[in-house]
Amino acid sequence: MRKGYERFWHLTHLLATTLLQIHFDMLLQIHFDMLLQIHFDMLLQIHFDILLVVFATYISFLF
């Protein structure tokens, strides 16, 4: 009888840790993808703004 309970708790523990690991991996992946996307969008925006300022300064010196 005791052996059955031990096996049950072992399998339950294994399932719980596996599910936790999958959940953690998914959260980490989603978080990383979001950070990468936000970082890329910000860099693109800053780069575009700097180019706009440089271009506007260049135009103002021409006239």
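Numbered according to our numbering, the sequence shown spans residues 6 to 68. Glycine is no exception: its CB is placed at the ideal position from the N, C-alpha and C atoms. Predicted model only: the values in this text are computed from it and were never measured.
Would you identify the three-state DSSP class for residue i, choosing helix, strand or coil?
| i | result |
| --- | --- |
| H68 | Correcting the residue identity first, residue 68 is Phe in this sequence and not His. Reduced to three states, the DSSP call for F68 is coil. |
If we ignore side chains and look at the alpha-carbon of each, how far apart do residue i and residue j end up?
| i | j | result |
| --- | --- | --- |
| M39 | H28 | 16 Å |
| L20 | L32 | 18 Å |
| H36 | A61 | 37 Å |
| V59 | L49 | 15 Å |
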